Amino acid sequence: MSGSTLTPERIRKRLSRVFVSAFPDLDLQEAPSATMETVQGWDSIATLTLFMLTEEDMSISLGYDRIGEIKSFADLEALLVSKI
Amino acid sequence: MTDMDGLETMNLVRAALGPIITPKPVDIFVHGTRLLAAKHGTYKIALAGAVTTDLIARACAVGAALEGLAPVTYQAPFGAWQQEALDAGSGLHKFAPHLVVVATTWRDWVADIALSTPAEDVAKILDAKMAACRSFWDGLRKTAPDRRIIHHLPTLPTSRFSAIAELRAPASPLAQIHALRTKMLEAGPDIIFLDTEGLAEDASAWFAAKLPFSQKDIPEYCVRFRAALRQATGRSKKLLAVDLDNTLWGGVIGDDGVDGLQLGPDTPKGEAFRAFQTYIRALAARGVVLAVCSKNAPEIAAAGFTHPHAVLKRSDFAAFECAWTDKAGGLRRIASQLNLGIDSFVFVDDNPAECALVRAELPEITVIELGEDPAAFIAKLDEGYWFASQGLSPEDLARGQAYQARAEAAAAQGDATDLPSFLASLDMKGKIFRAEGAALARIAQLEGKTNQFNLTTRRYNDAAIQAFAARPDAIVLGATLADKFGDHGLVASLIGVIDGDSLVIESWLMSCRVFSRTLEQFMLRALIVEAKALGLSSIAGVYEPTTKNGVVADLYPRLGFVEIVHAKTWRRAVEQPVDDLIDLIAIEAV
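Protein sequence lines, in the order shown, are assigned to chains A and B.
Just so we're aligned, residue 90 is where the first sequence starts under my numbering, counting upward by one.
Just so we're aligned, residue 0 is where the second sequence starts under my numbering, counting upward by one.
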């Protein structure tokens with residue numbers, strides 16, 4: 090899929106699905122408000138997993154440069170948008 | 000996520016992943032996280048290394064769950080692996096793990112030395128590293144001698160610099176790791192090695208998170224860990240049961256006849272079936288026992304092995320179950336015929352329905368559904384490292400022949416009118432001796448693998464057995480048996496320790512191949528002679544029941560021992576006449 094067809098809504102939807110696959114207890118609607126504080130089990134390994142799943146799902150390379158800054162859905166969404 | 004019980008979580012993970020051999024990365028993350036958070040696991044795994052162990056811990060937890068163990072894990076502080084081993088008061092020792100996973104990489108082992116360092120000096124440096132490694136392993140066991148250790152065999156460094164020249168320069172990192180891998184295998188006969196070669200390094204994951212390999216390879220790691228865990232816990236697979244039609248050859252022998260089968264160079268499919276047979280024969284050469292379990296008429300099925308391009312022969316199979324009844328029944332009959340635990344079976348079949356039936360009926364069996372493309376069969380069977388082993392003993396290499404001999408002996412038993420005359424007709428010769436050298440290594444292997452004739456199931460490792468052999472107050476006996484059909488090699492062992500005026504049997508093992516041969520009577524007679532020579536007055540033994548050693552529950556009373564502690568401890572005076580210990584084994588001349 091080419092990046093240009095991805096609307097912000099679609100990005101959010103797909104990223105929500107990524108979050109739910111990594112955190113099955115998370116509700117799809119609640120995913121966009123998820124943060125490291127609110128999601129049980131979200132540690133640095135979870136962030137790595139989210140990166141890998143996002144890269145696979147979006148066919149994109151995020152790199153690990155900014156991995157330490159990602160502490161919420163919104164952070165990852167912003168990073169993703171900047172890479173598309 | 001709520002707090003869940005370890006066993007409950009293990010069952011949930013097993014149900015969720017079902018027969019999947021290589022789980023997806025996300026499954027390892029999700030289920031691994033659940034398992035790490037679960038309470039009251041029963042199998043303790045410690046991880047130590049100079050890498051981030053969080054992801055590996057999840058893979059180990061998932062692997063343990065898939066092997067039926069409810070894991071609880073401890074991760075040693077990053078980089079403190081040596082200290083954690085050597086300090087008996089460390090978190091690792093306090094955790095008292097059953098198993099330690101040592102996750103080091105080539106970075107921990109390469110010596111920073113000049114490329115010009117001569118080969119002799121490099122060898123000395125590497126030997127010193129190995130000595131340190133040996134004391135590290137011994138340190139991990141100082142609070143529990145039977146603790147299992149799975150050590151990552153390091154990958155080769157990825158930078159090639161001057162390529163081939165690196166291999167020719169003994170001081171290069173590449174040459175050092177090549178040499179160290181060999182030295183580690185030599186220095187750790189009691190260590191279970193997990194080869195990390197082939198797991199791709201991901202430089203950014205290393206720099207950002209100290210992951211020893213790419214996250215994408217965590218599934219492959221999980222599969223390799225499961226294989227290592229099976230070896231560490233005496234759950235290695237021993238037998239491969241195969242279907243015939245569309246598994247060993249293309250076509251249905253009952254319909255197509257031998258000439259109509261696809262096997263051999265005429266077609267790509269025929270080539271693939273022949274390659275699969277060649278692979279199976281290679282497994283047999285490594286000690287894997289083969290059996291047929293097929294819905295066929297036996298004589299028609301056997302004809303398939305007369306095909307001009309058949310690589311396997313009818314005589315390669317220790318058991319040949321062909322019937323029109325269900326395959327689960329056939330597999331059960333194979334287990335009882337060969338005295339093997341059914342959980343040591345791997346069953347392969349092309350037919351999904353048959354696979355599903357066997358899975359439902361016998362969940363303890365590993366079932367591989369081969370599908371329709373014979374070119375993929377080898378990869379599907381190879382994927383799970385089911386028959387992985389740390390070394391091949393002479394017994395492994397001769398096992399195929401021994402099972403053939405056993406099948407012939409069983410056929411002969413059909414002819415004999417009663418058991419004693421049958422046993423007498425076998426012309427058995429046995430030898431009992433104080434074990435040393437290679438025999439001790441073989442006994443350690445028996446300790447790891449023997450589940451049925453195993454009175455105490457203490458799983459003494461190589462180092463522990465050597466320690467017994469070196470003690471003046473202990474004896475380690477080995478027993479060999481041969482009969483007219485072949486030499487079975489070292490098939491039984493016994494470890495005794497002097498306690499007061501009694502010789503206490505710490506461990507008594509026998510390979511299932513030689514059950515019901517009067518070898519136990521033969522061994523006990525020899526043991527009584529030993530005990531007398533040591534000036535002792537009795538022999539004592541303990542039976543510690545497991546789910547698998549019911550076959551020896553009555554061994555001590557059967558051998559004339561008197562009960563001391565109800566159904567547990569037994570004693571026999573050495574002065575008691577030995578007329579009750581009837582064996583049909585001649586003492587082999589040394």
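Positions of the beta carbon are idealized from the N, C-alpha and C atoms, including for glycine.
Small disclaimer: the values here were computed from a predicted structure and weren't measured.
Boundaries (first-last residue) of the alpha helix (DSSP H) holding Q81 of chain B: 80-85
9 Å Cβ cutoff, G92 of chain A in contact with chain B: In this predicted model, G92 of chain A has a pLDDT of only 45, less than 50, meaning its place in the structure is not dependable; the value taken from the coordinates is given anyway. Interface flag for G92 of chain A against chain B is unset, since no Cβ pair is found closer than 9 Å.
Other residues of its chain near I217 of chain B: CB distance less than 7 Å, five sequence neighbours each side excluded: P24, I27, L54, A58
For the pair the region 140-151 of chain A and the region 39-51 of chain B, tell me if three or more CB-CB distances fall below 8 Å. They do not touch, by the three-pair rule.
Could you spell out where the beta strand (DSSP E) holding F432 of chain B opens and where it closes? Per DSSP, the unbroken beta strand (DSSP E) holding F432 of chain B starts and ends at 428-433.
Three-state class that DSSP yields for M90 of chain A in the structure shown: Reliability of the predicted coordinates at M90 of chain A is poor, the pLDDT of 46 falling under 50, and the value obtained from them is presented with this limitation in mind. Note: M90 of chain A maps to coil in three-state DSSP.
Buried or exposed: where does V590 of chain B fall if 16 or more other Cβ atoms within 10 Å of its Cβ makes it buried? The structure shown does not extend to residue 590 of chain B, since chain B is modelled only from 0 through 589, so no value can be given for it.
Helix, strand or coil for V109 of chain A? Go by DSSP, reduced to three states. helix
Do R146 of chain B and L98 of chain B count as a contact pair if the criterion is CB distance below 9 Å? yes
Would a check of beta-carbon distances place T104 of chain B closer than 9 Å to chain A? no
Which term fits V101 of chain B, buried or exposed, when burial requires 16 or more other beta carbons within 10 angstroms of its beta carbon? Buried: at least 16 other Cβ atoms inside 10 Å.
Using only the alpha-carbon positions, how far apart do F224 of chain B and A47 of chain B sit? Looking at the backbone, the Cα of F224 of chain B and that of A47 of chain B are separated by about 15 Å.
Looking at the strands, I want to know which residues DSSP matches up with M509 of chain B. B:F452, B:A491
Cβ-based neighbour list, A440 of chain B, same chain, cut-off 7 Å, excluding 5 preceding and 5 following: Taken in chain order, the residues that qualify are P188, D461.
Using only alpha-carbon positions, find the residue among B:C221, B:A539, B:K128, B:F386 that is nearest to V287 of chain B. Residue nearest to V287 of chain B within the set B:C221, B:A539, B:K128, B:F386 is B:F386 (criterion: CA-CA distance).
Short of 8 Å Cβ to Cβ, which residues in the region 15-47 of chain B face chain C? The displayed structure is made up of protein chains A and B, and chain C is not among them.
How big is the Cα-Cα spacing for E587 of chain B and D579 of chain B? Straight-line Cα distance between these residues: approximately 22 Å.
Let me make sure I understand the geometry here. Which of B:A539, B:L425, B:Q336 has the alpha-carbon closest to that of K483 of chain B? B:L425
Any beta-carbon of chain B closer than 9 Å to the one on A135 of chain A? yes
Short check: CB of A593 of chain B to CB of H30 of chain B, under 9 Å? With chain B represented from 0 up to 589, any question about residue 593 of chain B goes unanswered, as that position is not in the structure.
What are the complete alpha helix (DSSP H) segments, minimum 4 residues, inside the region 169-236 of chain B? If we require 4 residues or more, the alpha helix (DSSP H) runs fully inside the region 169-236 of chain B come out as 172-186, 202-208, 217-231.
Tell whether a beta-carbon distance below 9 Å holds between L311 of chain B and L238 of chain B. no
Quick check on M0 of chain B: does DSSP put it in helix, strand or coil? Only weak support is given to the placement of M0 of chain B: the predicted model assigns it a pLDDT of 45, under 50, and the value that follows is read from those uncertain coordinates. DSSP places M0 of chain B in coil when its eight states are reduced to three.
Test item: CB-CB of V347 of chain B and D242 of chain B under 9 Å: Yes, they are a contact pair.
Segment contact, 8 Å Cβ cut-off, at least three pairs: the region 246-265 of chain B with the region 352-366 of chain B: These segments do not touch.
Beta-carbon within less than 7 Å of T52 of chain B's beta-carbon, same chain only, minus the 5 sequence neighbours each way: which residues are those? L46, Q74, A102
By the criterion of Cβ-Cβ separation under 7 Å, what are the contact partners of A123 of chain A in chain B? Annotation: A123 of chain A has no Cβ neighbours in chain B at a cutoff of 7 Å; minimum Cβ distance is about 13 Å.
By a C-beta neighbour count over all protein chains shown, 10 Å radius and 16 as the cutoff for buried, is G383 of chain B buried or exposed? buried
Chain A contacts made by the region 192-224 of chain B, where a contact means CB separation under 8 Å: S203, A204, F206, A207, A208, L210, Q214, K215
So E562 of chain B is in the beta strand (DSSP E); what residue range does that whole segment cover? In the DSSP assignment, E562 of chain B falls within the beta strand (DSSP E) that extends over 561-564.
Just mark A478 of chain B as buried or exposed, buried being the case when its beta carbon has 16 or more other beta carbons within 10 Å. buried
Over the uninterrupted alpha helix (DSSP H) stretch that includes P24 of chain B, give me the two end residues. 24-36
List the residues of chain B that M147 of chain A touches, going by C-beta distances under 8 Å, in chain order. Chain B residues near M147 of chain A: none, gap ~15 Å exceeds 8 Å.
Give me the DSSP bridge partner(s) of Y73 of chain B. B:A45
What is the C-beta distance between D582 of chain B and F514 of chain B, in whole angstroms, given that I count them as a contact (C-beta under 8 Å)? Not confirmed; about 14 Å, so no contact.
Is the CB of D53 of chain B under 9 Å away from at least one CB in chain A? yes
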